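Counting from 577, one number per residue, gives the positions in the sequence shown under the numbering used here.
In this text, a Cβ means the ideal position worked out from N, Cα and C, and glycines have one as well.
Owing to the predicted nature of the structure, the values given are computational and were not obtained by experimental measurement.
Quick notes on the structure that follows.
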Amino acid sequence: MTTTQTAAAVPAAGTGGPKQSGGVGGTTTLGSGATGASEPAATRGRTSIADTVVVKIAGMAAREIPGVHDMGGGLSRTLGAVRDRVPGGRPNVGRGVKVEVGERQTAIDLDLVVEYGVAITDVAHDVRENVIAAVERTTGLEVVEVNVTVNDVHLPEDDDEAAPAETRVA
């Protein structure tokens, strides 16, 4: 989880004079009688962004790109397919996404399954750009890298095998 913390200086109780307070970004000094109300909102608290938030944002952004069939490795996809079929089960948008989140930066690893016939390098490029834009826009974190691994290619006949076989009644 990443945490951004800021500190605001407020006068000591009953002194009415300035007080210095150390915090992220150095020391802030307010004049006599200041209450801190004129401080920007960003300096009056902290914001924490959990790793799972970045995972979900990156997963959703990657799935938006045409040519991405699924995400995750073989075992991950198999378990995800079982989970998706369980009544009340929700799809795992974070499947195939791993992140490392620091205080102000993040690195993302993606495992993709692409559709047969697409230009894999173009899909990877588009995924990378979309993930970077989405994560930076929504979290404010700098994305230092997005590593894309294509684990499989989805073939059209794979859907045919998944369909139930037609039975004949005599």
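Check whether the Cβ atoms of VAL699 and ILE625 lie closer than 8 Å to each other. Contact flag unset, no.
Under the three-state reduction of DSSP, which class applies to ALA634: helix, strand or coil? Judged by DSSP in its simplified three-state form, ALA634 adopts helix.
Following the continuous alpha helix (DSSP H) through ILE696, name the residue where it begins and the one where it ends. Element bounds for ILE696: 696-715.
How would you label VAL677, buried or exposed, when you count the other beta carbons within 10 angstroms and need 16 or more for buried? Classification of VAL677: buried, given that the 10 Å Cβ count is 16 or more.
Mapping DSSP to helix, strand and coil, what is THR604? With a pLDDT of 31 at THR604, under the threshold of 50, the modelled position of this residue cannot be trusted, and the question is left open.
Three-state secondary structure (DSSP) at VAL669? It is coil, neither helix nor strand.
Nearest-angstrom Cα distance between LYS632 and ALA695? Those two C-alpha atoms are separated by around 25 Å.
Is ARG620 helix, strand or coil by DSSP? ARG620 falls in the coil class under three-state DSSP.
From the DSSP output, in three-state form, read off ARG653 for me. At ARG653, the pLDDT of 48 sits below 50, so the modelled position is not reliable and the matter cannot be decided from this model.
For GLU733, which of helix, strand or coil comes out of DSSP? GLU733: helix per DSSP, three-state reduction.
Going straight from the alpha carbon of ARG671 to that of GLU718, what length do you get? Distance between the alpha carbons of ARG671 and GLU718: 22 Å.
Near LYS674, what residues of its chain come up, given a Cβ to Cβ distance below 7 Å and the 5 sequence neighbours on each side ignored? Answer for LYS674: ASP685, listed in chain order.
Hey, how far is the Cα of GLU705 from the Cα of THR623? The alpha-carbon atoms of GLU705 and THR623 are separated by roughly 25 Å.
Given a threshold of 16 other Cβ atoms within 10 Å of its Cβ, counted over all protein chains shown, does ALA710 qualify as buried or as exposed? Residue environment: ALA710 is assigned as buried (16 or more neighbouring CB atoms within 10 Å of its CB, all protein chains considered).
To the nearest angstrom, how far is it from the Cα of ARG639 to the Cα of GLU615? Each residue's Cα considered, the two are about 40 Å apart.
What residues in its chain sit with their C-beta under 8 Å from that of VAL689, if we drop five residues either side in the sequence? Cβ within range, chain order: VAL644, HIS645, ASP646, MET647, GLY648, ARG653, VAL726, ASN727, ASP728, VAL729, HIS730.
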